[in-house]
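Everything on this sheet refers to the single structure shown next.
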């Protein structure tokens with residue numbers, strides 16, 4: 001996709017800008033990454049045969065990048081010529097080394113996955129996950145806060161951030177009774193919070209022991225997220241908000257579903273039974289619209305929940321959120337000149353697909369809640385969610401009926417659509433049908 005538009009001012013006075021570190025610091029980081037990659041290569045000499053044996057028995061681990069995809073990303077990163085501000089040579093070198101490092105680590109990461117299959121494979125296959133609640137909402141729609149409300153329900157269990165990043169049941173069983181007794185949740189959350197730039201914290205409330213965006217954390221394992229720092233076209237090909245390139249279909253139709261299913265079984269098994277003795281119901285929150293049909297086919301009893309919000313407001317929030325996001329800390333923030341045109345088309349496409357899919361009458365269980373109702377009438381919204389999605393005639397007493405007070409934020413980074421050369425009126429016209437749907 002090639003979109004011509006005026007250049008956006010990348011740096012504005014008084015606005016924090018995460019740049020690539022100075023060259024000496026960057027070279028130290030590069031040396032450390034190179035050393036870590038060499039260690040992976042040395043370990044791979046012994047572990048590649050075992051890894052390939054595991055692949056022959058259990059198949060390719062669904063969260064790991066496949067070799068043809070890694071080669072495609074490597075070759076593209078080597079040759080891509082993105083628009084202004086371009087891809088500096090040191091940034092390109094970093095991305096190439098990151099891709100190579102991901103490949104070098106495949107056998108060790110794969111063996112960690114296979115150890116679960118060896119130790120718990122039969123138990124996991126017998127763990128029932130038949131009717132998950134899948135919150136499939138667009139970004140910046142209130143889904144994170146709703147996810148936090150729902151994960152508190154004793155009948156549900158949701159994989160937390162660290163479980164998605166480290167998807168190994170044997171590791172959870174080992175760490176919780178050992179290191180988990182020495183390190184408090186508060187200490188862990190504080191360390192995580194200290195590592196996040198303030199402008200990012202203002203846009204997204206993250207916690208390592210709470211549920212978060214499942215699909216983004218899934219992509220952390222592979223090379224797709226590196227595309228956000230490779231240029232406009234790689235973003236459009238690989239970042240899943242808009243209908244990714246055809247070469248990614250296998251990722252969303254096969255690998256992502258396999259990963260969610262297996263991690264879902266691990267989560268349900270690890271959580272143990274609900275207070276009434278029944279297995280807990282899996283809850284997953286994310287923006288994985290690309291996998292909607294594949295998930296509905298695998299789980300015909302699944303219930304899909306979404307929150308819909310005015311698309312113009314969501315677009316403005318999303319562009320600022322992506323710029324504030326620490327996609328690849330060593331390279332600074334993604335340039336405005338890439339993310340603005342990418343998200344203008346990506347968010348429009350997402351809305352159009354979401355509206356069509358959530359208004360179909362094909363037997364799939366779907367519930368739509370409006371952002372305005374969610375903000376103004378939390379009790380009524382939660383009654384609707386619990387009645388339709390969880391089968392409760394009455395709202396359980398533990399469910400919040402009022403939002404906690406929210407501090408009004410003076411955002412460090414806030415660009416309007418006009419600042420980003422996005423035609424607000426034209427976007428609103430394109431999204432008119434969706435906006436009416438979002439209003440109810």
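Residue numbers (the working numbering): 1 to 440.
Beta carbons are placed, not taken as given, at the ideal position from N, Cα and C, and that holds for glycine.
Unbroken beta strand (DSSP E) run spanning residue i, endpoints
i           : result
residue 440 : Per DSSP, residue 440 belongs to no beta strand (DSSP E) and is neither H nor E.
residue 219 : It is not in any beta strand (DSSP E) - residue 219 instead sits in the alpha helix (DSSP H) that spans 214 to 219.
residue 133 : 133 to 136
Rounded distance between the beta-carbons of residue j and residue i, thought under 8 Å
i           : j           : result
residue 223 : residue 99  : 5 Å
residue 40  : residue 65  : Not confirmed; about 14 Å, so no contact.
residue 304 : residue 171 : 30 Å between Cβ atoms; not a contact.
residue 360 : residue 434 : Residue 360 to residue 434, Cβ: 15 Å. No contact.
residue 302 : residue 294 : At roughly 11 Å, the Cβ-Cβ gap does not stay under 8 Å, so residue 302 and residue 294 are not in contact.
residue 400 : residue 378 : 7 Å
residue 10  : residue 335 : 6 Å
Residue i and residue j closer than 8 Å at C-beta
i           : j           : result
residue 206 : residue 161 : yes
residue 310 : residue 438 : yes
residue 282 : residue 389 : no
residue 115 : residue 168 : yes
residue 415 : residue 325 : no
residue 308 : residue 368 : yes
residue 229 : residue 351 : no
residue 197 : residue 18  : yes
residue 76  : residue 234 : yes
residue 421 : residue 12  : no
residue 268 : residue 280 : yes
residue 413 : residue 349 : no
residue 247 : residue 72  : yes
residue 353 : residue 427 : no
residue 314 : residue 425 : no
residue 410 : residue 8   : no
residue 87  : residue 47  : no
residue 118 : residue 51  : no
residue 95  : residue 226 : yes
residue 218 : residue 164 : yes
residue 288 : residue 256 : yes
residue 203 : residue 151 : no
residue 461 : residue 332 : A query on residue 461 cannot be resolved here, the shown segment of the chain reaching from 1 to 440 and no further.
Buried or exposed by the 16-neighbour rule on C-beta atoms within 10 Å, applied to residue i
i           : result
residue 285 : buried
residue 187 : exposed
residue 79  : exposed
residue 190 : exposed
residue 266 : buried
residue 153 : buried
residue 417 : buried
residue 239 : buried
residue 346 : buried
residue 67  : exposed
Unbroken alpha helix (DSSP H) run spanning residue i, endpoints
i           : result
residue 200 : 198 to 201
residue 124 : 106 to 126
residue 164 : 161 to 165
residue 407 : First-last for residue 407: undefined, no H or E at that position.
residue 175 : 169 to 175
residue 233 : 232 to 238
residue 228 : Segment: none, residue 228 is in no alpha helix (DSSP H) and carries neither H nor E.
residue 72  : 67 to 79
residue 181 : 179 to 182
Could I get the ranges of all uninterrupted alpha helix (DSSP H) runs contained in the segment 248 to 318, with 4 residues as the minimum, in chain order? 256 to 271 and 292 to 298
Whole runs of the beta strand (DSSP E) within the segment 322 to 386, excluding any shorter than 3 residues: 365 to 370
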